[in-house]
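Numbered per full-length UniProt numbering, the sequence shown spans residues 1 to 153. Below is one structure; the comments refer to it alone.
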Amino acid sequence: RNMSSAGPEGRKKMRECEGLIDSLVYYIQGAIADHEPNDKATENCVCILHNLSYQLEIELPESYAQSIYMQRRNISNNDKTPGCFGTRSRKVKEKQQDTPLPEEKSNPKGVESLWHSTLIRIYLSLIAKSTRNYTQEASLGALQNLTAGTGPV
């Protein structure tokens, strides 16, 4: 848990550690399935994932960032309305809202798990079911880390 908060290089090394993120997610999934979201080990796992999600979009390996960017670019809508203010019409805005999200892998591995919908649901479940403040705070913090940026994630 302390190692994951060591800084950008420490987070990078831990994200690259084969099987680490998958093991943390697997443990938390088991704890939730067994209706035991309040143990110290679950808290530690969530805190590590929270730390590993910090500045993820900035520290993300270029290959992941490029892949996500290309997926979004391929589905983005280039319809614009002419005008001085560059605003989009109501029809264009509605059409953009109907644009599908980039396809995610059904079985993510490693760092891909950090922004996968499965882990998002795990965080939401822990917020609702855990009575441990640090577990809830780490889950909320991870969600904030993933949604606060403006990059590809």
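Here a beta-carbon is modelled for each residue, glycine too, at the ideal position from N, C-alpha and C.
In this structure, Glu59 and Arg11 form a Cβ contact; the two beta carbons are roughly 6 Å apart against a cut-off of 8 Å.
In the three-state DSSP reduction, Glu18 falls in the coil class, being neither helix nor strand. Taken through DSSP and simplified to helix, strand or coil, Asn38 comes out as coil. Taking every protein chain shown into account, the CB of Asn51 has 16 or more other CB atoms within 10 angstroms, so this residue is buried. If you draw a straight line from the Cα of Arg132 to the Cα of Ile120, it is about 18 Å long. In the assembly as shown, Pro8 is an exposed residue. Its beta-carbon has fewer than 16 other beta-carbons within 10 Å. By a beta-carbon distance limit of 8 Å, Cys45 does not contact Tyr134. Their separation comes to about 11 Å. Restricting attention to Ala138, Ile122, Ala33, Leu126, the CA atom closest to the CA of Ser5 is found in Ala138.
In this structure Ser113 is in contact with Ile21, their Cβ atoms being roughly 5 Å apart against a cut-off of 8 Å. Apart from sequence neighbours up to five positions away, the residues of its chain that approach Ala31 with a beta-carbon distance below 7 Å are Pro37, Asp39, Thr42, ordered along the chain. Distance from the Cα of Gly149 is smallest, within the candidate group Leu124, Gln55, Leu140, Leu24, for Gln55.
Note on Leu124: under 16 other CB atoms within 10 angstroms of its CB, so exposed under the neighbour-count rule. Where Lys129 is concerned, the enclosing alpha helix (DSSP H) starts and stops at 117 to 129. Boundaries of the alpha helix (DSSP H) around Glu59: 56 to 59. Nearest Cα to Arg1 within the set Ser53, Ala33, Asn107, His35: Ser53.
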